[in-house]
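Read through the structure below, which is laid out as structure tokens, and then see the notes.
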Amino acid sequence: MGFEYLRSPKFVKLAVVSAIVTMGLVSLLLYPDLLSQGPGFEPERHHGYHRPNHHPANPPPSPPGGHPDWKEEETVKGLADSDFERFDSGYFHHDKSDYGRYESVDAWRPHEVYDPSSEFRLPIPPLHEYRSKGEYLKQPLVADYAKNSDKMFFMIKTGASVLWDRLPIHLLTTLTRVPKFAIYSDAPASVAGHEVIDIFTNITEETRNHEKFTMYRAQKKIHDDQGVFDPGTTVHNGGWELDKFKNIPMLAHAYSVSPESDWFVFMDADSYIMLDALGSWLGTLDPDLALYLGSMAFLGDLPFAHGGSGVVLSRKAVEETIGKHPEYLAEYEREAFGVCCGDALVAKMLRDKMGLEISRGTQEYPHIGWRFQGNSFYDVMVTEEKWCQNILTFHHLTPHDVEVLWEYERLKGPYRSDITYGDIYRDFYLPFIDKRKENWDNLASQKAFKRAGDGVDPENHYPFDSFEACEQACKDWDKCMNFRYLPHAGYCGLSAEIKLGFPVSDDNKHGHTEDPDNKEAISGWNIERIQQVRRNLDCDPLGDREEHNDDPRYDRSEGWYLRRMASSN
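Mapping the sequence shown onto full-length UniProt numbering, position 129 (from 1) lands on 129, and the numbers just tick up by one.
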């Protein structure tokens with residue numbers, strides 16, 4: 001009986017298993033390194049190197065070089081702070097094969113970014129790692145969080161009729177930089193699975209039935225009656241009338257879901273905020289003080305933070321108003337009918353309820369200076385006073401503009417928390433300006449001379465007669481940095497604020513360039529005066545680098561890109 005058992009299949013299986021286990025234990029004792037080599041003992045990996053065995057909560061890494069043929073055993077040199085020299089950007093002379101690529105001519109883009117497109121992608125986790133279908137629906141956003149962004153609650157405001165024109169680009173750019181955010185509109189929606197909140201869901205019946213809400217009611221009816229509706233196709237106008245009712249309900253919602261946040265940040269969907277710079281600055285301020293921060297504008301005698309330029313409220317300011325007093329919602333919903341703008345209504349509530357006004361000044365706390373502004377990167381008003389100050393915000397942007405600013409900020413690397421007005425000048429303006437630039441409008445208008453007689457000087461000198469006369473008028477005004485001559489309008493404009501502007505042609509629809517008076521506009525910049533300003537500023541590299549001015553490889557003076565293009569044709 002015992003011998004037959006030894007020959008049975010059951011005993012044979014038991015013996016084989018015992019032998020395998022014994023051999024495994026002996027191997028591990030003799031070769032402990034095997035613990036880290038087997039596929040079952042693979043060290044923890046973050047998102048997407050080559051196996052998708054990760055949890056969504058794990059922080060994503062930077063790609064290992066970005067090339068599809070990357071192998072684990074290769075040593076890949078990562079980027080370091082030293083790869084981003086502070087004043088290198090803005091001085092890259094590209095070959096023809098390069099400067100025709102990417103989103104713009106990119107004088108600030110270093111050569112290394114012109115790599116072949118990468119196949120590297122971050123895989124999503126398997127189904128069992130998602131807690132709900134709602135979590136599975138959302139397209140994962142890269143967690144490229146800016147400094148101190150965990151202390152902010154970020155509010156993006158848009159309108160249903162323009163949502164698809166403005167919002168999607170922010171899911172690839174702005175919203176990858178902040179962990180806590182909400183998107184608000186005047187109709188419910190979703191983008192890549194992320195909810196867009198209808199901020200008017202809880203308004204009073206009286207307000208909902210008001211004539212100013214005709215567009216809202218029409219959108220809601222079509223939405224409720226049909227399975228498919230794009231509010232951008234509605235024939236109703238009135239988005240601006242609805243907009244002013246959004247700000248305070250947005251603030252109330254944000255505080256209700258994130259009362260622990262130190263800062264509450266408003267941003268319009270056609271704006272962009274340099275979040276590293278914002279986070280670094282807010283890190284020097286106290287959220288337990290009532291602070292109201294932004295670019296000052298006025299509604300009568302009421303100073304308010306202009307919404308398009310970005311607005312920041314401290315936790316204390318929100319807590320002491322809408323946080324402790326939800327009844328303010330109904331009160332300022334009624335007040336909105338008599339005010340032009342939602343950003344001004346926020347200022348009115350802060351002043352009425354706690355005597356708080358927008359911060360101002362450069363020297364005194366919180367040192368706001370010119371950080372917030374409401375123009376794009378081609379018409380930022382650069383002056384000697386602003387040159388060395390940080391710039392945080394941009395407004396009136398197309399999705400193209402948002403992408404350019406995101407790429408620009410990212411390529412600043414470790415210096416992206418310290419972008420100044422001077423950086424914008426050197427990187428966006430300096431390569432493309434000249435003493436004379438035809439079919440170009442630099443928007444100079446602080447002083448205006450018109451054929452109708454306005455602004456004619458006592459000596460019968462007429463700056464609107466010719467480009468040369470307009471140029472002379474700029475030289476005669478000691479503050480003038482740039483000028484423009486409009487031959488069809490008989491107009492000469494001068495400005496002490498430096499702007500780049502944009503081309504004027506039948507092929508370009510930009511701003512007011514369709515105005516027939518602007519046809520064949522000619523712009524000019526007082527290069528010598530601008531360079532003198534730069535020499536006097538510690539934050540500008542001009543003085544340190546003038547020894548290279550005779551070497552074309554180091555051409556860093558105004559208009560270098562234009563000269564480079566001319567010599568390569």
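A virtual CB, placed ideally from N, CA and C, is assigned to each residue, including glycine.
These numbers come from a predicted model, not from an experiment.
Does DSSP put residue i in a helix, in a strand, or in coil?
i           : result
residue 533 : helix
residue 247 : helix
residue 32  : Annotation note: pLDDT 47 at residue 32 (below 50); position unreliable, coordinate value reported separately. In the structure shown, residue 32 sits in a helix (DSSP, three-state: H, G or I).
residue 560 : helix
residue 221 : helix
residue 383 : coil
residue 469 : helix
residue 390 : strand
residue 498 : strand
residue 195 : strand
residue 228 : coil
residue 267 : strand
residue 189 : strand
residue 272 : strand
residue 362 : coil
residue 503 : strand
residue 420 : strand
residue 348 : helix
Report the rounded CA-to-CA distance for residue i versus residue j, giving the unit in angstroms.
i           : j           : result
residue 314 : residue 292 : 7 Å
residue 164 : residue 411 : 27 Å
residue 185 : residue 231 : 11 Å
residue 138 : residue 192 : 6 Å
residue 272 : residue 504 : 25 Å
residue 509 : residue 399 : 15 Å
residue 205 : residue 318 : 26 Å
residue 113 : residue 413 : 13 Å
residue 277 : residue 146 : 9 Å
residue 361 : residue 373 : 14 Å
residue 608 : residue 369 : In the structure as shown, the chain begins at 1 and stops at 569. Residue 608 is therefore absent and cannot be evaluated.
residue 166 : residue 402 : 9 Å
With a threshold of 16 other CB atoms inside 10 Å of the CB of residue i, please say whether the residue is buried or exposed.
i           : result
residue 393 : buried
residue 80  : exposed
residue 247 : buried
residue 386 : buried
residue 78  : exposed
residue 235 : exposed
residue 363 : exposed
residue 520 : exposed
residue 416 : buried
residue 365 : exposed
residue 476 : exposed
residue 189 : buried
residue 566 : exposed
residue 243 : buried
residue 306 : buried
residue 463 : buried
May I ask you to list the residues that DSSP assigns as paired with residue i?
i           : result
residue 296 : 305
residue 492 : 449 and 485
residue 437 : 523
residue 181 : 154
residue 576 : Since the first residue shown for the chain is 1 and the last is 569, residue 576 is missing from the structure and cannot be characterised.
residue 590 : The shown model of the chain, from 1 to 569, leaves out residue 590, and the question about it has no answer.
residue 233 : Note: residue 233 sits in no beta bridge, so no partner.
Exercise. Between the segment 148 to 155 and the segment 279 to 292, do at least 3 Cβ pairs fall closer than 8 Å?
Worked result: yes
For this session: Count the CB pairs spanning the segment 350 to 357 and the segment 213 to 225 that are closer than 8 Å, and state whether there are at least three.
Result: no
Exercise. Any chance the segment 430 to 437 sits against the segment 520 to 527, with 3 or more Cβ pairs inside 8 Å?
Worked result: yes
Exercise. Is the segment 251 to 271 touching the segment 299 to 315 in the sense that three or more CB pairs, one from each, lie closer than 8 Å?
Worked result: yes
Problem set entry | Segment contact, 8 Å Cβ cut-off, at least three pairs: the segment 461 to 468 with the segment 489 to 502 | yes
Exercise. With contact counted as at least three CB pairs below 8 Å, one residue from each stretch, are the segment 321 to 331 and the segment 238 to 258 in contact?
Worked result: yes
Exercise. Just checking, does the segment 420 to 428 make contact with the segment 528 to 542 on the three C-beta pairs under 8 Å criterion?
Worked result: yes
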